[in-house]
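J.:
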Amino acid sequence: MTAQTTETFTESDYADHVRTYRSFVKGIATAAGLILLTLIILAYATM
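Counting the sequence shown from 1 gives a position; our numbering is that position plus 428.
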């Protein structure tokens, strides 16, 4: 990411934002999946 002084929103900037957003969502989904898996294992172990 390069700091730009102009307020123009170019295609490359948009692509960077989309890529960052996607990796962010993927990280949250992975974390949620791991937490869910842990809860299922704990619930199964305590049954």
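Glycine included, every Cβ here is placed at the ideal spot set by N, Cα and C. It should be emphasised that the depicted structure is a prediction, and the values quoted were computed from it without experimental measurement.
Using the Cα positions of T438 and H445, report the straight-line distance between them to the nearest angstrom.
T.: Start at 1 with the first residue of the sequence shown, and residue 438 comes out as number 10. Start at 1 with the first residue of the sequence shown, and residue 445 comes out as number 17. Each residue's Cα considered, the two are about 11 Å apart.
J.: Does T466 come out as helix, strand or coil in the three-state DSSP assignment?
T.: On the sequence shown, position 38 is the one that residue 466 refers to. The answer is helix: DSSP assigns T466 an H, G or I state.
J.: What does the alpha-carbon distance come out to for the pair T448 and M475?
T.: On the sequence shown, residue 448 is found 20 positions in, with the first residue counted as 1. On the sequence shown, residue 475 is found 47 positions in, with the first residue counted as 1. C-alpha separation (whole angstroms): 41 Å.
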